[in-house]
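Numbering (my numbering), first residue to last: 8 to 127.
Heads up, the thing below is written out as structure tokens.
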């Protein structure tokens, strides 16, 4: 249970970093900012690894609506197909999917007794 808490907190921290790095950015600015792209990609990779380490099936118990296999799969794409990373898809993940993922992580955390504040 303690390890699972660490994985959830790691995912949450990575989301917070991504939100900080991309605050106020629009797609065009993101596409021109290599440092932000690199920082975002690295944190998405860590989120995917932490999801795998937590256990995809365990995460899906609380939030079956979240495509946890795809969350974990992003890590594999980043780690092994780094030349083919599509920044448009990366931005879509940041813009549309991270807020849902953040709430899902908080829901799972609640089940195991870990308090994670969700951004508004």
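All C-beta atoms in this analysis are idealised placements derived from N, C-alpha and C, irrespective of residue type, glycine included.
Exposed unless 16 or more other CB atoms sit within 10 angstroms - verdict on residue 10: exposed
Could you tell me whether any non-hydrogen atom of the ligand GTP is closer than 7 Å to the CB of residue 93? As presented, the structure is devoid of all ligands, the ligand GTP included, so that no description of it is given.
Give me the residue from 121, 106, 114 and 96 with the minimum Cα distance to residue 21. 106
Helix, strand or coil for residue 2, going by three-state DSSP, please let me know. Here the chain comprises residues numbered 8 to 127, so residue 2 is not present and cannot be evaluated.
Residue from 23, 13, 46 and 30 whose Cα sits closest to the Cα of residue 94: It is 46 whose Cα lies nearest to the Cα of residue 94.
In this structure, how does DSSP classify residue 49 when only helix, strand and coil are distinguished? helix
So is residue 45 in contact with chain D if we call contact Cβ pairs under 8 Å? The structure shown has no chain D; it contains just one protein chain.
According to DSSP, is residue 13 helix, strand or coil? Residue 13 falls in the helix class under three-state DSSP.
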